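So the sequences go chain by chain: A and B.
Reminder that position 71 of the first sequence reads as 119 in my numbering, one-by-one numbering, no gaps.
Reminder that position 133 of the second sequence reads as 138 in my numbering, one-by-one numbering, no gaps.
In this text, a Cβ means the ideal position worked out from N, Cα and C, and glycines have one as well.
Remember, it's a predicted structure, so these values are computed and weren't measured experimentally.
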Amino acid sequence: MLSVRGLDLFYGDAQALSQVSLEVPKGEIVAIVGANGAGKSSLIRAISGIEPASAGEVLFMGKPIGKLAPHEICDLGIGQVAEGRQVFPTLTVEENLEMGGLLPRARASARDRMAEVYRMFPQLAQRRRQLAGTLSGGEQQMLAIGRCLMGNPELIMFDEPSLGLAPLVVQEVLHAIRALNEKGMTVLLVEQNVAVSLKISAHAYVLENGGIAMSGRGSELLHDDRVRQAYLGL
Amino acid sequence: MSRRGIALLGGLAILLLALPGVANAYLLSVATLILYLAYVGQAWNVMMGFAGQLSLGHSLYVGVGAYAAASLFFHFGVGPWAGLWLAIALSVALGCAIGFLAFRFGISGVYFALLTIAFAEFVRIGFDHLQWTGGPGGLFLKVAQRDQIDLANFRGPPEMYYYAILCLAALAFAGCAWLLRTKAGYYWQAIRENEEAAQALGINTFRWKMLAVAISSAMTAVAGVFFAFYYNNLFPEQIFHISRSIEIILGPIIGGVGTLFGPILGAALLTLLSDGITEGLAAMGWEIPGVKHVFYGVVLLAVVLFLPNGIWPPIARRFGLRR
Numbered sequence: 049m050l051s052v053r054g055l056d057l058f059y060g061d062a063q064a065l066s067q068v069s070l071e072v073p074k075g076e077i078v079a080i081v082g083a084n085g086a087g088k089s090s091l092i093r094a095i096s097g098i099e100p101a102s103a104g105e106v107l108f109m110g111k112p113i114g115k116l117a118p119h120e121i122c123d124l125g126i127g128q129v130a131e132g133r134q135v136f137p138t139l140t141v142e143e144n145l146e147m148g149g150l151l152p153r154a155r156a157s158a159r160d161r162m163a164e165v166y167r168m169f170p171q172l173a174q175r176r177r178q179l180a181g182t183l184s185g186g187e188q189q190m191l192a193i194g195r196c197l198m199g200n201p202e203l204i205m206f207d208e209p210s211l212g213l214a215p216l217v218v219q220e221v222l223h224a225i226r227a228l229n230e231k232g233m234t235v236l237l238v239e240q241n242v243a244v245s246l247k248i249s250a251h252a253y254v255l256e257n258g259g260i261a262m263s264g265r266g267s268e269l270l271h272d273d274r275v276r277q278a279y280l281g282l
Numbered sequence: 006m007s008r009r010g011i012a013l014l015g016g017l018a019i020l021l022l023a024l025p026g027v028a029n030a031y032l033l034s035v036a037t038l039i040l041y042l043a044y045v046g047q048a049w050n051v052m053m054g055f056a057g058q059l060s061l062g063h064s065l066y067v068g069v070g071a072y073a074a075a076s077l078f079f080h081f082g083v084g085p086w087a088g089l090w091l092a093i094a095l096s097v098a099l100g101c102a103i104g105f106l107a108f109r110f111g112i113s114g115v116y117f118a119l120l121t122i123a124f125a126e127f128v129r130i131g132f133d134h135l136q137w138t139g140g141p142g143g144l145f146l147k148v149a150q151r152d153q154i155d156l157a158n159f160r161g162p163p164e165m166y167y168y169a170i171l172c173l174a175a176l177a178f179a180g181c182a183w184l185l186r187t188k189a190g191y192y193w194q195a196i197r198e199n200e201e202a203a204q205a206l207g208i209n210t211f212r213w214k215m216l217a218v219a220i221s222s223a224m225t226a227v228a229g230v231f232f233a234f235y236y237n238n239l240f241p242e243q244i245f246h247i248s249r250s251i252e253i254i255l256g257p258i259i260g261g262v263g264t265l266f267g268p269i270l271g272a273a274l275l276t277l278l279s280d281g282i283t284e285g286l287a288a289m290g291w292e293i294p295g296v297k298h299v300f301y302g303v304v305l306l307a308v309v310l311f312l313p314n315g316i317w318p319p320i321a322r323r324f325g326l327r328r
């Protein structure tokens with residue numbers, strides 16, 4: 049569904065990504081793991097069009113999207129749940145959700161989708177009139193996911209969904225991601241938390257210094273000695 | 006809006022409408038100044054308070070608006086109702102030029118603010134050398150016959166200017182209240198809160214930021230036209246000066262950035278208190294030039310220290326009002 053081919057990204061002179069290629073097949077969870085500064089967030093920013101890549105191409109459902117603006121890419125059906133949740137703190141939960149449903153592709157079905165989000169995350173329904181800034185970290189993550197779903201995406205990119213959350217809440221978030229996937233959502237999961245993301249992903253890529261160092265089935269990488277030493281401390 | 010809010014607004018409206026009947030000329034001029042600052046503050050608030058784009062060069066739009074309408078009137082006898090459109094067009098064009106440069110090339114925050122100052126300074130120096138508008142010597146409009154109202158040329162007694170700026174301030178208030186509830190208002194708030202998240206939701210941030218700049222500069226240009234015909238003289242060194250830009254933003258900052266009542270409350274408090282202090286000191290025999298600016302500094306410090314969201318939000322909470 050999404051293919052990235054030979055992507056290079058520079059911030060000024062500093063190269064953040066070099067020759068990154070990867071495939072995200074429809075209906076799967078693909079994980080990108082790597083340490084801080086490996087280029088994980090840069091990759092998401094390049095795919096979503098926020099940072100223009102200097103070389104390489106990104107294809108979404110066979111269509112090149114490298115030259116499109118971020119809002120156009122969203123409207124093709126690539127949603128993202130940004131790092132650190134990024135809800136709008138002074139707007140209510142419901143307003144945050146509405147904001148997610150304003151894309152042209154999502155506007156008509158926004159009502160139904162909101163009901164679906166509330167079904168999926170009942171805590172959000174209870175707090176619909178509350179300001180998003182007053183929610184707990186886990187609830188904000190649910191809200192960020194819900195807001196993304198409001199845009200009717202075909203593919204969701206998660207950037208560090210476990211960041212700053214308690215272990216129990218991390219489990220809850222991963223459970224939600226898996227549940228979405230079981231309903232057919234394609235997921236690109238970018239995580240520092242290597243163990244959990246390898247566990248739930250079908251396929252994974254290891255990013256080091258801006259390049260793909262390894263790739264393989266999640267379960268294989270989980271048992272790979274190099275990965276175990278470098279990322280799992282075993 | 007709550008019943009309390011409506012009562013408050015109604016009371017305020019009656020007070021403001023009746024004011025020329027009871028106030029002397031001095032008080033009326035202070036009230037006109039307050040409403041003028043409230044109006045421009047409201048205009049600035051569209052950009053900063055709603056969309057989160059900090060402009061420190063709003064004197065640019067006041068000045069361009071003022072000079073456009075005044076020079077049309079001065080040179081060709083074209084009245085302000087026609088000049089208004091030129092004023093708006095020029096200001097919006099300049100605002101959009103600044104916005105385009107900044108937003109296209111990803112200049113934001115403090116750097117955007119610097120760009121707005123640079124443009125204001127650049128245009129100030131330009132007008133200093135533009136002989137057609139009198140250069141540094143200033144542009145003077147013939148002082149109006151104060152006893153008869155000439156609406157077509159916007160000349161008349163102080164009461165007419167008072168009601169005109171009252172109308173503008175009320176329209177700006179209502180317009181901003183409406184804007185906040187439109188799609189644009191929500192997009193602006195999303196951009197203000199978190200531009201990257203807004204972008205990730207598929208909001209074309211460039212377009213909506215440009216819209217905020219256009220609306221804000223158009224509103225400010227109207228204030229410029231008012232300024233020109235009320236004060237009748239324009240000097241580049243004064244109207245484009247950065248202290249004018251600061252004066253514009255003090256009201257909303259002290260009252261509450263992003264709120265609807267903040268600019269009005271801030272302008273009223275600042276003007277009343279600073280004029281009160283100046284007058285009070287003068288009554289005691291102390292004429293201290295510049296005491297007003299010291300006072301501005303002290304108030305600004307106090308607000309930043311104790312009420313970083315401005316004066317209005319805690320009042321609104323206390324009395325159960327929105328914004």
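{"Query": "Alpha-carbon to alpha-carbon, B/L42 and B/D280", "Result": "14 Å"}
{"Query": "Cβ-Cβ separation, A/Q128 to A/I193 (assumed contact under 8 Å), whole Å", "Result": "The pair is not a contact, with the Cβ atoms about 11 Å apart (cut-off 8 Å)."}
{"Query": "Under 8 Å by beta carbon: chain B residues contacting A/G148", "Result": "L206"}
{"Query": "Cβ-Cβ separation, B/A228 to B/Y44 (assumed contact under 8 Å), whole Å", "Result": "6 Å"}
{"Query": "Three-state secondary structure assigned by DSSP to A/L107", "Result": "strand"}
{"Query": "Closest residue to A/N229 among A/F58, A/G60, A/A79, A/L255 (Cα-Cα distance)", "Result": "A/A79"}
{"Query": "Opening and closing residue of the beta strand (DSSP E) in which A/G264 lies", "Result": "259 to 265"}
{"Query": "Within-8 Å CB hit, A/L151 to chain B", "Result": "yes"}
{"Query": "Cutoff 6 Å; reference B/R129; Cβ partners in own chain excluding five residues on either side", "Result": "P241, F245"}
{"Query": "Terminal residues of the alpha helix (DSSP H) in which B/L231 lies", "Result": "The identity of residue 231 of chain B in the sequence shown is Phe, whereas the question assumes Leu. 210 to 236 is the span of the alpha helix (DSSP H), which, as asked, contains B/F231."}
{"Query": "Own chain residues within Cβ distance below 6 Å of A/S210, not counting five before or after", "Result": "V218, N241"}
{"Query": "Inter-stretch contact (C-beta, 8 Å, three-pair minimum) for the segment 74 to 91 of chain A and the segment 252 to 269 of chain A", "Result": "yes"}
{"Query": "Pick from A/E239, A/V141, A/G199, A/P201 that is closest to A/L213, judged by C-alpha positions", "Result": "A/E239"}
{"Query": "Cβ of A/H119 within 8 Å of any chain B Cβ", "Result": "yes"}
{"Query": "Candidates B/G68, B/L99, B/F81, B/H134, of which the one nearest B/F231 by Cα", "Result": "B/G68"}
{"Query": "Neighbour flag for A/S96 against chain B, beta carbons, 8 Å", "Result": "yes"}
{"Query": "Terminal residues of the beta strand (DSSP E) in which A/E71 lies", "Result": "62 to 72"}
{"Query": "Within 8 Å, strictly: CB atoms of A/L197 and A/V141", "Result": "no"}
{"Query": "Cβ neighbours of B/I316 in the same chain (closer than 8 Å, five flanking residues each side left out)", "Result": "I259, G260, G261, G267, L270, G271, L274, V308"}
{"Query": "Where A/L213 meets chain B, residues with beta-carbon distance less than 7 Å", "Result": "Going along chain B, no residue has its Cβ under 7 Å from A/L213, so there is no contact; the nearest lies around 18 Å."}
{"Query": "Contact with chain B by A/L269, beta-carbon distance below 8 Å", "Result": "no"}
{"Query": "Integer-rounded CB distance, given that B/I253 should sit under 8 Å from B/W49", "Result": "5 Å"}
{"Query": "Inter-residue Cα distance where the pair is B/F117 and B/F127", "Result": "15 Å"}
{"Query": "Cβ pair A/F167, A/G149 closer than 8 Å", "Result": "For the sequence presented, residue 167 of chain A should be read as Arg rather than Phe. Not closer than 8 Å, so no."}
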